[in-house]
Amino acid sequence: MVPTSEWLSQWEQQRDKLKCPVDLNDYFALPEIAGKQLEIIDIGPTSILTGQILVRDPLCYLGHIEEQPYFQTAPVGTYSTEVCVVKPDEDGDCARYAAVRLRFSDVPAFRFEEALIGHEDISEMEDGEFFGFNVDAGLACICDKQAHQAFCDFASRWHKEHPDGNLYDDYFAALFAKSFRENPQYQRDGGDWVNWRIPDTEYHVPLFQSGFGDGADPAFERSDGRLSR
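Count the sequence shown with my numbering and you get residues 9 to 237, in order.
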């Protein structure tokens, strides 16, 4: 959607509050943060076809065609999808995905701001607040608008062919399990990520665990409009 001039004026006024409170570059450059050991893994390409980006829970929200992309666009192309992994610790916790980014450039960003659609009520936003995206299935993805349309078409066809089916249990679960068998490091037995190509397309949309399950997660973009989660 195209934000109104009034909304854009409010956005300019509130940009300091939209700034990420930490330097996200550190998650992809440092070996350790807050006593936690980190490692970066590449989970394959993401197809950016129009530059209009959505970050959503793929099972609960991406299948709704009315979902809108962020108002700032990214460069068109195919980009590596990198995950900052918090390594398993001596307390027995499994690997957790702390941050995910699309690697648009080797040049570090000097500033990150929250990615917004352009209709959020930001007039009374307080420090420390964020809008983010909802997670109800423990998964997230970064998806171009054209791939979003293709996902909706696929999901609609699949449900027509499997009226009593469950898209995760009866389709995606096997793909996640295959991903674990082929790339077991930093994945649980059922799989924590899959680089999925939407059937009948060449569009790649990696799906990945959202760190600590359900809730709301922020999405950030570089000040030059390039997205990072």
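Cβ atoms here follow ideal geometry from the backbone N, Cα and C, with glycine treated the same way. Source: prediction; values computed, not measured.
Contact between Phe112 and Pro83 holds, with the beta-carbon distance rounding to 6 angstroms and staying under 8 angstroms. Within the same chain, and ignoring the five residues on either side of Tyr211 in sequence, the residues whose Cβ sits closer than 8 angstroms to its Cβ are Ser55, Leu57, Asp152, Gln154, Ala155, Ala158, Arg205. DSSP places Leu110 in the uninterrupted beta strand (DSSP E) bounded by 104 to 111. Relative to the Cα of Ala145, the nearest Cα in the group Gly126, Glu122, Asn174, Cys160 belongs to Asn174. Taking the Cα positions, Val115 is about 10 angstroms away from Asn33. Rounded to whole angstroms, the gap between the alpha carbons of Pro226 and Glu122 is 7 angstroms. Apart from the 5 residues on each side of it in sequence, Ile130 sits with its Cβ closer than 7 angstroms to the Cβ of Gln18, Trp19, Gln22 in its chain, given in chain order. Classified as buried, Gln195 has 16 or more neighbouring CB atoms from the shown chains inside 10 Å of its CB.
Lys44 carries a strand assignment under DSSP once its states are collapsed to helix, strand and coil.
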